[in-house]
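K.L.:
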Amino acid sequence: MIPELFSSAGPDMSAVSIPVWLDLAAVVVGSASGLLVAQDRKLDLVGHIVLAMLGGLGGGLIRDIIMQRGGVYMISSEMAIPVTVLAGLVGFLFPGIFRKVPNLLEWVDIISVGLFVAAGTDKAVIYSLSPWAAVLMGTATGVGGGMMRDIFLGDTPRIFQRSNLYAICAVAGSVVYYVAIFKLCINRPWAVALCVLVTVLLRRISLRFNVLSPADMDLTPKVVEGAQQMYNQALEQGKRQSKAIERRSKRPTHDHRLVLVHDDAKKVHPKEDDEKSTPSTEDGPRDPDKKE
Numbered sequence: 129m130i131p132e133l134f135s136s137a138g139p140d141m142s143a144v145s146i147p148v149w150l151d152l153a154a155v156v157v158g159s160a161s162g163l164l165v166a167q168d169r170k171l172d173l174v175g176h177i178v179l180a181m182l183g184g185l186g187g188g189l190i191r192d193i194i195m196q197r198g199g200v201y202m203i204s205s206e207m208a209i210p211v212t213v214l215a216g217l218v219g220f221l222f223p224g225i226f227r228k229v230p231n232l233l234e235w236v237d238i239i240s241v242g243l244f245v246a247a248g249t250d251k252a253v254i255y256s257l258s259p260w261a262a263v264l265m266g267t268a269t270g271v272g273g274g275m276m277r278d279i280f281l282g283d284t285p286r287i288f289q290r291s292n293l294y295a296i297c298a299v300a301g302s303v304v305y306y307v308a309i310f311k312l313c314i315n316r317p318w319a320v321a322l323c324v325l326v327t328v329l330l331r332r333i334s335l336r337f338n339v340l341s342p343a344d345m346d347l348t349p350k351v352v353e354g355a356q357q358m359y360n361q362a363l364e365q366g367k368r369q370s371k372a373i374e375r376r377s378k379r380p381t382h383d384h385r386l387v388l389v390h391d392d393a394k395k396v397h398p399k400e401d402d403e404k405s406t407p408s409t410e411d412g413p414r415d416p417d418k419k420e
C-alpha cells in the first residue's frame with residue numbers, strides 16, 4: 129500500500145515551490161530556537177548569532193549537501209543570512225522578549241521543525257526525488273539545525289536521545305506533506321499548515337501522555353525463550369507420534385494374503401476338489417455289494 133500511496137505519478141511540480149515568505153518564516157522561527165538555547169547557556173554575542181544561524185540554516189545546509197541539486201539555500205537566498213544575523217542581534221540585546229512566555233523554547237522548537245520539514249520535502253518534490261528520499265530530506269531539514277546546534281554545544285543531539293517523539297514527529301509531518309501535495313492536490317501554503325499542525329500535534333500529545341521513544345531494548349532473551357518453547361513442543365509432539373507408531377506395530381495382525389491365496393486356489397482348480405470328493409473308476413461307479 130505504501131508504494132502506491134507514494135506513487136511518483138502526479139502533477140508536474142518542477143516549476144513551483146512554497147512561497148518565499150514561508151521559507152523566511154521557517155528561518156526566523158529556527159533562529160529563535162537557537163537564540164533561546166544561547167540565552168539559557170548565557171553565551172556572548174557571537175554565540176547568539178552562531179546558534180541563530182545554525183537553528184535557522186543548519187537543516188537546509190545538510191539537505192542541500194546531501195541532495196546536491198539546485199543551489200545552497202543559505203548562499204543563494206539574499207535574505208537568509210541577514211535575517212539570521214539580525215535575529216541573533218535582537219535576541220542578544222532584548223532577551224526579555226523571550227522570557228515572558230513559559231515553555232517558549234518547546235513551542236518554537238517544534239514549530240520550526242514542522243516548517244523546515246515542509247521546506248525540505250518540498251525541495252525534494254521539486255527535483256522529482258523518490259518518496260522515500262523526499263521524506264528523508266524533509267526529516268533531515270527539520271531536525272538538522274537542532275542537531276548541529278547540540279553538536280556545537282557539545283551535547284548529544286536530541287534526536288539520538290530518548291524523548292517525546294521528536295524525530296518521529298518530523299517523519300510524520302513529511303509524509304503528510306507529500307500525501308497532501310500528490311494525493312490530495314492541496315495548495316502549498318495549506319500543505320505546509322497541515323504539515324506543521326500534524327508535527328506539533330503529535331509532539332504535544334507525546335508530551336501530554338509522556339509517550340517516549342523506545343530505548344535500551346534487548347529482544348534476545350524473548351526470542352531465545354520463544355525458540356526454546358517451540359523446540360520443546362516439537363520434541364514432545366515427535367515423542368508422542370513415535371510412541372503411537374510403536375504401539376501400532378506391536379498389535380497382532382491377521383495375514384489376509386493367505387486367505388486370499390487359498391480362495392484363489394479354489395477358484396482356479398475346482399475340478400480337482402470335485403474329483404477328490406466323488407471317487408470314480410474307469411469301469412464306472414463301484415457297487416458296494418459286489419465283491420472283488
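If you count the sequence shown from 1, you need to add 128 to reach the working numbering. For every residue, glycine included, the Cβ atom is placed at its ideal position computed from N, Cα and C. Keep in mind that this is a model prediction, so the values were computed, not measured.
#1: Return helix, strand or coil for Asp192, following the three-state DSSP convention.
#2: Within 10 angstroms of its Cβ, does Ile203 collect 16 or more other Cβ (buried), or is it exposed?
#3: In whole angstroms, what separates the C-alpha of Glu364 from that of Ser370?
#4: Return the CA-CA distance between Leu185 and Gly158, expressed in angstroms with no decimal places.
#5: Taking buried to mean at least 16 other C-beta atoms within 10 Å of its own C-beta, is Met265 buried or exposed?
#6: Taking three-plus beta-carbon pairs below 8 Å as touching, is the segment 178-193 in contact with the segment 268-283?
#7: Can you name the start and end residues of the alpha helix (DSSP H) that Glu234 belongs to?
#8: Count the other CB atoms, across all protein chains shown, that sit within 10 Å of the CB of Gln167; report buried if there are 16 or more and exposed otherwise.
#9: Here's a check: name, in chain order, each residue in its chain whose Cβ is nearer than 7 Å to the Cβ of Val148, leaving out the five neighbours to either side.
#10: Candidates Ala261, Tyr255, Gly175 and Ser240: which alpha carbon is nearest Gly216's?
#11: At which residues does the alpha helix (DSSP H) containing Pro317 begin and terminate?
#12: According to DSSP, is Pro210 part of a helix, a strand, or is it coil?
#13: Classify Thr267 as helix, strand or coil using the three-state DSSP reduction.
#14: Is the beta carbon of Val328 less than 8 Å from the beta carbon of Gly242?
#15: Express the C-alpha separation of Leu293 and Arg197 in angstroms, rounding to a whole number.
#16: Is the segment 285-299 in contact with the segment 333-353, if contact means three or more CB pairs nearer than 8 Å?
#17: Suppose the cutoff is 6 Å on Cβ atoms and the five residues either side in sequence are ignored; what does the same chain contact list for Gly219 look like?
#18: Let me know the secondary structure DSSP gives Leu363 once reduced to three states.
#19: Helix or strand or just coil, what does DSSP make of Ile130?
#20: With distance defined between alpha-carbon atoms, name the residue in Phe310, Leu152, Val156 and Cys323 nearest to Cys297.
#21: Among the candidates Phe310, Phe280, Leu152 and Asn360, whose CA atom is the shortest distance from the CA of Pro210?
#22: Count the other C-beta atoms from every protein chain shown that fall within 10 angstroms of the C-beta of Ser240, then say buried if there are 16 or more, exposed otherwise.
#23: Output the distance between the C-alpha atoms of Ala180 and Leu257, rounded to the nearest integer angstrom.
#24: Going by CA-CA distance only, name the one from Gly183, Leu173, Glu234 and Asp250 that's closest to Asn315.
#25: My output table needs one value for Gly183: the three-state DSSP class, helix, strand or coil.
#26: Below 8 Å on the Cβ atoms is my guess for Gly273 versus Phe310; work out the distance and round it to an integer in Å.
#27: For Met276, which residues from the same chain have a beta carbon less than 6 Å from its beta carbon, with the 5 sequence-adjacent residues on both sides left out?
P.N.:
This is what the structure gives:
#1: helix
#2: By the neighbour-count rule (16 or more Cβ atoms within 10 Å), Ile203 is not buried but exposed.
#3: 10 Å
#4: 8 Å
#5: buried
#6: yes
#7: Leu232 to Ile254
#8: buried
#9: none
#10: Of the candidates Ala261, Tyr255, Gly175 and Ser240, Gly175 places its Cα closest to the Cα of Gly216.
#11: Arg316 to Arg336
#12: helix
#13: helix
#14: yes
#15: 30 Å
#16: yes
#17: Leu163 and His176
#18: DSSP places Leu363 in helix when its eight states are reduced to three.
#19: The predicted position of Ile130 is uncertain, since its pLDDT is 36 and thus under 50; no value can be drawn from it.
#20: Cys323
#21: Leu152
#22: The residue in question, Ser240, is buried, as its Cβ has 16 or more Cβ neighbours within 10 Å.
#23: 30 Å
#24: Across the set Gly183, Leu173, Glu234 and Asp250, the C-alpha of Asp250 shows the shortest separation from the C-alpha of Asn315.
#25: helix
#26: The pair is not a contact, with the Cβ atoms about 26 Å apart (cut-off 8 Å).
#27: Short of 6 Å from the beta carbon of Met276, and not among the five residues preceding or following it, lie these beta carbons of its own chain, in chain order: Leu182 and Gly186.
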